[in-house]
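Structure record follows, encoded as structure tokens.
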Amino acid sequence: MADPTFRITNNILNSIVKFEIEKKGIENKNLPEAIIQKARLGANSEDIFHLGNMLELNLSLKTAGKIASGKTLGIEDYKGLYLTNFRNAIEYILATQSAYYPIQANILLHLNKILITGIAEEWDSKFRSGGEQINEQDDNWLQFTDKDIPSVEVQSQALKIIEWFASKQNQVHPLITIPVVLFRLIRIAPFVFGNKITILATCKYLFFKGGIYIDGLIPLTKNFALFEKEYFEAWKEAISTNDDVTSWIEVFTRSFSGEAKTVGENVGKLLTEIRENNKQPFLELNKRQLKILRYLQNIPLVKREEYVEILDVSTMTAYRDLTQLVKKGLLRVEGHGRGTKYMLATR
């Protein structure tokens with residue numbers, strides 16, 4: 094495989110600088126884990142939502158959030174499986190791929206197997222090698238496939254572009270190498286089944302391995318949906334110029350530098366909300382919680398089972414109420430398990 098063709102233009106450099114400024118700004122906020130988890134779920138929900146739109150599913154963002162959080166919904170056809178499989182593929186990346194592990198070229202096949210589970214036969218998860226017909230269902234990227242690539246070279250070319258990405262780490266910014274890899278995979282269409290969704294998941298993997306995943310706060314599939322027209326035009330231009338991907342890299346870096354800015358703004362809003370809530374800790378407390386705070390002004394401590402008895406609630410309700418009061422800094426805890434005691438934080 095010849096090295097990819099591209100130039101590093103001022104537009105590309107400016108977009109990368111903007112991305113890095115936003116990335117550093119987010120990292121410097123030293124976000125609490127609660128905010129990271131909330132923002133990450135939001136990003137994954139957006140990705141599921143936009144993937145659903147790509148599959149022409151009438152999916153709400155709320156439903157996408159339920160899928161992203163691990164719930165299996167009763168979407169009757171294979172498209173619902175694609176959504177849960179995509180979530181599983183992202184979880185696989187985060188759970189098994191340490192940032193310090195070397196980049197694995199065979200990750201493509203692992204992701205493809207996860208993504209088509211329950212949709213196609215197990216033996217359909219393989220690189221094309223000759224004679225197979227590509228499944229074109231729900232894949233409008235196949236129009237960009239280079240049909241001159243011999244089938245016997247498909248696997249080696251797909252693996253080589255991942256190896257190329259690995260060889261350029263610490264040399265070329267990943268916002269340049271990632272779109273190069275994605276475009277090459279689009280041109281190769283390496284699989285019999287599920288090319289588009291596998292390439293989308295591969296984008297997540299490359300952001301993670303490239304060190305620009307920012308704790309998973311950036312939705313990636315979202316941009317492929319929102320900027321599809323621009324992306325398609327850039328791919329057509331690349332094909333017309335013998336696969337020179339300069340314009341495609343410009344579009345890609347510009348869209349993701351803008352996304353990083355949006356993430357930074359959203360995270361800032363979450364931080365502001367938390368600070369405001371901390372200034373007014375009694376807001377959003379229910380009547381039970383206010384009652385127990387008054388009770389603890391006279392009685393030094395309360396156990397969870399006493400909370401259940403005093404307020405006539407279930408054990409789970411008591412646990413939620415007391416945990417929220419601890420998180421708000423109104424109560425502190427002594428002991429653990431059945432012997433846990435709660436008292437006013439000011440005592």
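Heads up: the sequence shown runs through residues 94 to 440, numbered per my numbering.
Backbone N, C-alpha and C define an ideal beta-carbon position, used for all residues, glycine too.
Keep in mind that this is a model prediction, so the values were computed, not measured.
Exposed unless 16 or more other CB atoms sit within 10 angstroms - verdict on residue i
i	result
glycine 145	buried
glutamate 343	buried
proline 97	buried
methionine 147	buried
arginine 133	buried
asparagine 103	exposed
aspartate 414	buried
lysine 362	exposed
tyrosine 324	buried
threonine 270	buried
threonine 355	exposed
glycine 287	buried
tyrosine 194	exposed
glutamate 139	buried
arginine 310	The sequence shown places leucine at residue 310, not arginine. It counts as buried.
lysine 322	exposed
glycine 303	buried
leucine 383	exposed
arginine 180	buried
alanine 259	exposed
Contact check, residue i vs residue j, beta carbons under 8 Å
i	j	result
isoleucine 129	leucine 176	no
serine 350	lysine 111	yes
aspartate 232	lysine 289	yes
proline 267	isoleucine 305	yes
alanine 182	alanine 294	yes
glutamate 352	asparagine 316	yes
lysine 172	leucine 150	yes
lysine 396	lysine 434	yes
glycine 422	alanine 438	yes
isoleucine 207	alanine 251	no
phenylalanine 237	isoleucine 196	no
lysine 122	leucine 364	yes
valine 265	leucine 299	no
valine 360	isoleucine 119	yes
leucine 418	methionine 436	no
phenylalanine 220	proline 283	yes
threonine 156	asparagine 178	no
serine 348	alanine 327	no
arginine 381	leucine 404	yes
valine 426	alanine 411	no
glutamate 225	valine 285	yes
histidine 143	threonine 334	no
Whole-angstrom C-beta distance between residue j and residue i, which should lie under 8 Å
i	j	result
proline 272	alanine 136	Going by Cβ atoms, the distance from proline 272 to alanine 136 rounds to 19 Å, so no, they are not a contact pair.
threonine 346	isoleucine 105	5 Å
isoleucine 212	leucine 174	5 Å
isoleucine 160	leucine 154	With a Cβ gap of about 11 Å, isoleucine 160 and leucine 154 do not count as contacting.
arginine 431	proline 393	That belief does not hold up - the Cβ atoms of arginine 431 and proline 393 are roughly 19 Å apart, past 8 Å.
serine 218	leucine 201	That pair is no contact at about 10 Å.
serine 222	serine 244	6 Å
arginine 66	isoleucine 307	Residue 66 lies beyond the residue range present for the chain, which begins at 94 and ends at 440; the question has no answer from this structure.
alanine 198	glutamate 246	With 8 Å as the limit, alanine 198 and glutamate 246 do not qualify as a contact, their Cβ atoms being about 15 Å apart.
Backbone secondary structure at residue i - three-state DSSP
i	result
leucine 437	strand
threonine 334	coil
valine 265	coil
threonine 165	coil
phenylalanine 320	coil
alanine 282	coil
glutamate 214	coil
phenylalanine 258	helix
phenylalanine 99	coil
arginine 133	helix
lysine 384	helix
arginine 180	helix
lysine 302	helix
arginine 347	helix
arginine 368	helix
lysine 421	coil
valine 426	strand
lysine 396	strand
Within-8 Å CB hit, residue i to chain C
i	result
asparagine 205	This model lacks chain C altogether; it includes just one protein chain.
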